[in-house]
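Per full-length UniProt numbering, residue 1 is the first one in the sequence shown, and the count goes up by one each step. C-beta atoms are modelled at their ideal positions from N, C-alpha and C, and glycine is treated no differently. Predicted model only: the values in this text are computed from it and were never measured. Heads up: the structure comes next, in structure tokens.
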Amino acid sequence: MSNTVTPDFVHPKFKMNGFHFTADDLGRVAYSFIKEGSGYEKSIGDFILDWFDTKDFIEMRTSGTTGTPKIIRVSKQAMVYSALATGDFFEVHEGTKALHCLPTQFVAGKMMLVRALILGWDLDLAEPSSNPLERNDNLYDFCAMVPLQAQHSLDKLNNIKKIILGGAKVNSALSAALQGLQTDVYETYGMTETITHIAAKKIGEEAFTVLPNVAISTDDRHCLIINNLTNEPVVTNDVVEIIDETHFIWLGRYDNVINSGGVKLFPEQIEEKLSHNIKQRFFVAGVTDATLGDKLVLVIEGKPFTLDEAVYAALSKFEKPKAVLFTDAFLETGSGKVQRAAILKSFSL
């Protein structure tokens, strides 16, 4: 399909919940969703009206993972180009049977609708939940999920040919479970500012491959710089190793790096090693220490308990936490990401 496709285009093969809709039809559906629909349908209705209004942009809220969430304007045409790139990269073109089970308040949910409209998908809508396939035995070609949804849907994921996961890192335990499936599962890399994913890798692979029309580089911090369909390059806080012009390895967040006694520690890499042995949600972080500069601590969600030393078997001596903290429930952003800094502030350290 030509890249001259515009945002007001509705593919003639587009279907939603089994029915064909024109742009005019969708306006009426949107009003019905807003007036009479459930919570997730109201969000879909709001987005449909925004998509077909006269403005050339969509306003979106960034996730606030490492700072205060903010409203940004994203070009509708850039969203169309992103949809086309996804179609090419994952080979999901017209007639694709897809399941939409993400909140439409956020970029990933909005883009599932845009892809369906532009590429001509047969899209089923499902209420976003931790187990969106619980009462659904349909067969699908494509679905986007967060890792938590995949974890709770393992027994039915073979009903979907291709799945993309985003919004959080896929831990090693889930990765191992997913590699035993017939389904092609991809971990994606992206954010609101890049109009969802700009790179993906098959579960089990180390390096991400960038989508069409994406150029990558790094700054003096070794953090990823992305040039894609937005007007300005996106400078991230993700420390990466660039393999070549289309592949990179993600190492961790620059703003999470811990300098403990002169040794740089990436929390994400330590968490990967611990994920086999800790069932509760957890993260590691650095807190100020008079001797080390930063002291590595392990924060676990739930009631306090004593950890066996075997939990740390895969860690080097520098990676072993100096303290273990517990909190009843993790603070989260609206999109479900753990607010590490806010949680640490709740402790008297």
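Asked, Found
"Going along the chain, which residues of its own chain have a beta-carbon closer than 6 Å to the beta-carbon of L331, five neighbours each way excluded?", "Q339, A342, I343"
"Using DSSP's beta-bridge definition, name the partner residues of T22.", "Its beta-bridge partners do not exist; DSSP assigns none."
"From this set, E91, G166, N158, which residue's C-alpha is nearest L144's C-alpha?", "The residue asked about is misnamed: residue 144 is Ala in this sequence, not Leu. Looking at the Cα atoms, G166 is the closest of the given residues."
"Does the segment 217 to 231 come within contact of the segment 142 to 157, defined as at least 3 CB pairs closer than 8 Å?", "no"
"Compare the beta carbon distance of residue 377 and P12 with 8 Å and say whether it is the shorter of the two.", "The structure shown does not extend to residue 377, since the chain is modelled only from 1 through 349, so no value can be given for it."
"At what residues does the beta strand (DSSP E) containing residue 357 begin and finish?", "Nothing in the structure corresponds to residue 357, since the chain is present only between 1 and 349."
"DSSP has K97 in a bridge; who is on the other side?", "D122"
"For L325, which residues from the same chain have a beta carbon less than 8 Å from its beta carbon, with the 5 sequence-adjacent residues on both sides left out?", "V297, L298, V299, I300, F347"
"Taking 8 Å as the threshold (C-beta atoms), are R221 and Y189 in contact?", "no"
"Indicate the three-state DSSP secondary structure (helix, strand or coil) for N213 in the structure shown.", "coil"
"Taking the DSSP output, what are the residues bridged to residue 357?", "Residue 357 lies beyond the stretch modelled for the chain, which goes from 1 to 349, so this question has no answer here."
"State buried or exposed for T86, treating a residue as buried only when at least 16 other CB atoms are found within 10 Å of its CB.", "buried"
"Is the distance from the Cβ of P128 to the Cβ of P103 below 8 Å?", "yes"
"Pick out whichever of C223, K337, Q179 has its Cα sitting closest to the Cα of E205.", "Q179"
"Can you name the start and end residues of the alpha helix (DSSP H) that R340 belongs to?", "340 to 345"
"Could you give the distance in angstroms between the alpha-carbon of T192 and the alpha-carbon of P212?", "18 Å"
"Can you look up F57 in the DSSP assignment and give me helix, strand or coil?", "strand"
"Could you check whether T22 and V5 sit closer than 8 Å to each other, using their CB atoms as the reference points?", "no"
"Buried or exposed: which applies to H20, given that a residue is buried once 16 or more other Cβ atoms fall within 10 Å of its Cβ?", "exposed"
"Beta strand (DSSP E) containing S75: first to last residue?", "71 to 75"
"How many angstroms separate the CA atom of K201 from the CA atom of V185?", "9 Å"
"Hey, D238 and C223: beta-carbon distance below 8 Å or not?", "yes"
"Within 10 Å of its beta-carbon, does K295 have 16 or more other beta-carbons around it, so buried, or fewer, so exposed?", "buried"
"Ignoring anything shorter than 4 residues or poking outside the segment 126 to 192, list the alpha helix (DSSP H) runs there in chain order.", "147 to 152, 172 to 178"
"Which residues in the same chain have their Cβ closer than 6 Å to the Cβ of D328, if we skip the five residues on either side of it in sequence?", "none"
"Mind checking whether A285 and P304 have CB atoms under 8 Å apart?", "no"
"Within 10 Å of its beta-carbon, does T291 have 16 or more other beta-carbons around it, so buried, or fewer, so exposed?", "exposed"
"For S38, which of helix, strand or coil comes out of DSSP?", "coil"
"Reducing DSSP to helix, strand and coil, say where L224 ends up.", "strand"
"Select from G261, A30, F208, K161 the residue whose C-alpha is nearest the C-alpha of G293.", "G261"
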